[in-house]
Structures are given as C-alpha cells and as structure tokens.
Amino acid sequence: MDFLKPVIDFDRFIRGLLFLAVITVLVLGLRWLSPVLIPFFAAWAIAWILAPVVNFFQSTCRLRSRVLSVLITLALLIGLASAVAWLIIPPLIDGVTQIKEALLSYLASGHIRNIHLPEWLDHLMQQWLDQGKIQSMLRSDNLMKTIRETLPHVWNMLVSTANLVMSLVGAAFGALYLFFLLLDYDYYTTAWINWLPRTQRNFFRRLSEDLGHNMRGYFRGQALVALSNCVMFTLGFWVIGLPMPLGMGLFVGLISFIPYVQVVGFAPAAVLALMEMSDTGRSFWGLMALVLLVYIVVQVLQDTVFTPRIMGKIMGLSSAMVLLSLSIWSYMAGIIGLIIALPLTTIIFAYYKRYILKEPDDMLNEAHEQSAASLAAEEA
361 MDFLKPVIDF
371 DRFIRGLLFL
381 AVITVLVLGL
391 RWLSPVLIPF
401 FAAWAIAWIL
411 APVVNFFQST
421 CRLRSRVLSV
431 LITLALLIGL
441 ASAVAWLIIP
451 PLIDGVTQIK
461 EALLSYLASG
471 HIRNIHLPEW
481 LDHLMQQWLD
491 QGKIQSMLRS
501 DNLMKTIRET
511 LPHVWNMLVS
521 TANLVMSLVG
531 AAFGALYLFF
541 LLLDYDYYTT
551 AWINWLPRTQ
561 RNFFRRLSED
571 LGHNMRGYFR
581 GQALVALSNC
591 VMFTLGFWVI
601 GLPMPLGMGL
611 FVGLISFIPY
621 VQVVGFAPAA
631 VLALMEMSDT
641 GRSFWGLMAL
651 VLLVYIVVQV
661 LQDTVFTPRI
671 MGKIMGLSSA
681 MVLLSLSIWS
691 YMAGIIGLII
701 ALPLTTIIFA
711 YYKRYILKEP
721 DDMLNEAHEQ
731 SAASLAAEEA
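In this note's numbering, the protein residues as written are 361 to 740.
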C-alpha cells in the first residue's frame, strides 16, 4: 500500500501528473469511441448479471456444455422480455387508441363523453388547442404526413438507411459481445489484473472483489424491493379499479429498480384514469386521488419498511444512512448516482475503517473468505 502513504516527493509528484494525464486521455478517448464502446459495455453489464445463471445451469444442473448453458440463459432472457412486452405493449396500444378517440370527440363536440372537466381547464384547452388542425393531425390517414411535416429531423433519422444499418450492426455486435463474454466470463473478469503492476495487484484485486460483492448485494436487494413494489402497486391499482392493474403494476415496479423513479409511472397511471372515466363516467378527481393515495402508501411502505430492512441488512447500513446516501448521490450524479449510491457508500465506509481507522470490516472479510473458498473449490 505504498501509494497510500502521505509522503510526496518530486518523483511521486511527476508520476501523479502523468497519471492524471493518462486518465484525461483515457476519458477523452472513451468519449470519442463511445458509439463503439457502448454496445460492449452494455453487453458486459448484462453478462455480469447473467453469469450466475449460466453457472447455475452448468454447475447445479450439470450441463457439461458451456455453450448450451449460455444458449438456455439467453433463451430465458428473450422469453422473459417477450412476456413483459406482451403484458404491457398491447394494452398500451389500446389505451393510446382510446385516448386518440376521446380527444377527437372532445375536439369535435367540445367535451368527452362522461367526462366533465373543470371550467378553468376546459377554457384553457379551448384556448390553447387549434381544434381543426389537431383534429386533422389525429386522423389516421394524415398522421404520418403530419409527422413528416412537423418533425423532419426525427423522421429523417428514423428512416435513414445508414442509421438503421448502423443500429442493426450495433445490436448484432452487442449480441455477439454478450455471447462470447458469457462463454469465458470467468477468464475476462480475472485476466485484467495482469495488466497492472505486481505491487498493486493485491489491492486492486481486493477492491474488485469488494465492488463485486457490494454490487451483487445491491442488485439482489433492489430486486426484492422492486418485486415488493410490483405486488403492492398491482394490488393497489386493482383495488381502486384502475384499468390494466397487472401491466401497470409490473411497469411501475420494474422501473422502481432505480430508487424513486417509480414517480414517472404516475403519468401513465393518470392516463389510465382518464380512460376509466371515459368508459364508466367515474369522477376524474376522485380516481386521481385514489391513484395518488396508492403511490403515497407504497412509497411510505418502501421507504420505512422494505428498503431500510432489505438494503440495510444486505449493505450493512442503517435506515437513515440508506436514505442519506441515496439523497447525496442522486444530487451529485442523477439516476446513475441512485444506482451506485449504496454500493459505493458501503465501500467508502469499509475502506475508511480499514485504512484510516485500522479496524477490520467483518462483512467484507466474510466476502473475501467466501470468495477464496469458492476459488479453492473450483481449483479442486
């Protein structure tokens, strides 16, 4: 751990400047090569998530062929994605169609069947909307023409043959990256250490193990939180009579994998409430109040019960520290900060205790012992 010593001489200062210069060049190079590297890193992230599944099929299910284990895992992934799309996309298309018809009805007659908007809102809509123009836009035979006329840049981007081919090529390379990374995932995750100086390998190997342990714990815990949100939102939407409670509950629960992003689901929930009013004549504000109540109840349960208990137990942080960590990192790095908040906070605390306070960290030491035991078992 010589590089952690506070003594700084001229030689160390020059090496520090060179290190910063190399980091700067790497960052600029990554930005320049980002269109090429994004499919690779996306495939690496997916491979990191799927590697335990592949190992399960190969070791626990005793499938001797690694290729077969990878193919089964990818087939399950495609099947799961298709099932989620089947649950969400068709009802979403039907909902968009109903909304279009309801808006056409409003523009034609000045009101939507069974929906009575407040006077101030009706006045604003009448004032802001050019009825003839929007009504023509929403007609199916004029819709594509309207898009071409009003969004030429988007249209050109979507129909551009070159961009389409590049997108397909990028997706194909991403799929190939994922396949080959899963085939030799264990090798790729350990070979990088050989590129580092021998004196620093032990530290960075331990740091890599700590990051991997904390990230796995975070994703495992956050998956449990998201699953609980799926159940709670589905039950809540079903109780209040919102259309498509299962699809909407799954959607909001899945996006809640990133903390607090489930608030985005309030917009489609409001649209579904509008559809329900159009069909049944229920009170707009009453149903919106029920949707808001479901969100409040689920959010309170998540913040006070599920997240502190699940994530606090897995990450070794108190409930208050979990909430504080999420707040600080989200302010500094946005959505990415929400994802990395708890793992990095745990690492920072552990390394502060280990290298500053000279105190052992039981959780990370246990993880290292388990990692060493698993490696010994594999070698045996």
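Yeah, the Cβ is synthetic: ideal placement off N, Cα and C, and Gly gets one too.
It should be emphasised that the depicted structure is a prediction, and the values quoted were computed from it without experimental measurement.
DSSP-derived helix/strand/coil call for residue i
i: Met675; result: helix
i: Arg422; result: coil
i: Asp544; result: coil
i: Leu380; result: helix
i: Lys718; result: coil
i: Gly641; result: coil
i: Ser616; result: coil
i: Met608; result: helix
i: Gly577; result: helix
i: Gly601; result: coil
i: Leu653; result: helix
i: Pro668; result: helix
i: Leu393; result: coil
i: Leu556; result: coil
Contacting residues, own chain, Cβ-Cβ under 8 angstroms from residue i (five flanking each side not counted)
i: Leu587; result: Gly613
i: Leu584; result: Phe666, Ile670
i: Val624; result: Ile615
i: Asp663; result: Leu683
i: Thr420; result: none
Chain-order list of residues whose beta-carbon lies under 7 angstroms from that of residue i (same chain, five-residue window excluded)
i: Pro605; result: Thr594, Phe597, Trp598
i: Trp404; result: Leu541
i: Arg642; result: Glu636
i: Val413; result: Thr433
i: Leu431; result: none
i: Ala533; result: Looking at the sequence provided, one finds Phe at residue 533 rather than Ala. Counting only Cβ-Cβ distances below 7 angstroms, and skipping sequence neighbours, we find Pro399.
Counted within 10 angstroms of its Cβ, other Cβ atoms place residue i as buried (16 or more) or exposed
i: Pro399; result: buried
i: Asn743; result: Absent from the model: residue 743. The displayed extent of the chain is 361 to 740, so no value can be given.
i: Asp570; result: buried
i: Asp680; result: First, the residue type needs correcting, since residue 680 is Ala and not Asp in the sequence shown. Exposed.
i: Tyr712; result: exposed
i: Ala531; result: exposed
i: Gly745; result: Any property of residue 745 remains undetermined from this structure, which presents the chain solely from 361 to 740.
i: Thr433; result: buried
i: Val658; result: buried
i: Ile699; result: buried
i: Phe417; result: buried
i: Phe373; result: exposed
i: Pro603; result: buried
Integer Cβ distance of residue i from residue j, believed to fall under 8 angstroms
i: Arg426; j: Leu543; result: 6 angstroms
i: Tyr548; j: Leu541; result: 6 angstroms
i: Pro450; j: Met575; result: In fact, because the Cβ distance is near 35 angstroms, the residues do not count as touching under 8 angstroms.
i: Leu652; j: Met592; result: That pair is no contact at about 15 angstroms.
i: Ser717; j: Ala701; result: Note that residue 717 is Leu in the sequence shown, not Ser. In fact, because the Cβ distance is near 22 angstroms, the residues do not count as touching under 8 angstroms.
i: Phe626; j: Tyr655; result: 6 angstroms
i: Ala778; j: Tyr545; result: Shown here, the chain extends from 361 to 740; a query on residue 778 therefore has no answer.
Neighbourhood of residue i by C-beta distance below 6 angstroms, restricted to the same chain and skipping five residues each side
i: Tyr581; result: Residue identity differs from the one stated: residue 581 is Gly in this sequence, not Tyr. Result list for Gly581: Ile670, Met671, Ile674, in chain order.
i: Ala633; result: Leu647, Met648, Val651
i: Phe644; result: Met637
Euclidean distance between Cα positions of residue i and residue j
i: Gly492; j: Ile453; result: Residue placement at Gly492 is poorly supported in this model, since its pLDDT is 48, which falls under 50; the coordinates are not used for a value here.
i: Phe564; j: Ile553; result: 8 angstroms
i: Gly609; j: Pro628; result: 11 angstroms
i: Leu397; j: Val387; result: 12 angstroms
i: Arg422; j: Ala411; result: 15 angstroms
i: Ser690; j: Leu683; result: 11 angstroms
i: Ser429; j: Tyr620; result: 35 angstroms
i: Gly646; j: Cys590; result: 23 angstroms
i: Ser394; j: Arg424; result: 37 angstroms
i: Gly697; j: Gln622; result: 16 angstroms
i: Phe379; j: Ile708; result: 22 angstroms
i: Tyr329; j: Ala535; result: The structure shown does not extend to residue 329, since the chain is modelled only from 361 to 740, so the question has no answer here.
i: Ala551; j: Arg566; result: 14 angstroms
i: Ala630; j: Leu440; result: 27 angstroms
i: Ala381; j: Asp371; result: 15 angstroms
i: Ile409; j: Ala435; result: 15 angstroms
i: Thr640; j: Thr457; result: 17 angstroms
i: Leu377; j: Phe401; result: 28 angstroms
i: Leu556; j: Val385; result: 18 angstroms
i: Ile438; j: Arg375; result: 48 angstroms
i: Ile688; j: Gly389; result: 29 angstroms
i: Gly694; j: Phe611; result: 21 angstroms
Short CB-CB distance (under 7 angstroms) between residue i and chain B
i: Phe401; result: Within the model displayed, chain B is absent; a lone protein chain is all it includes.
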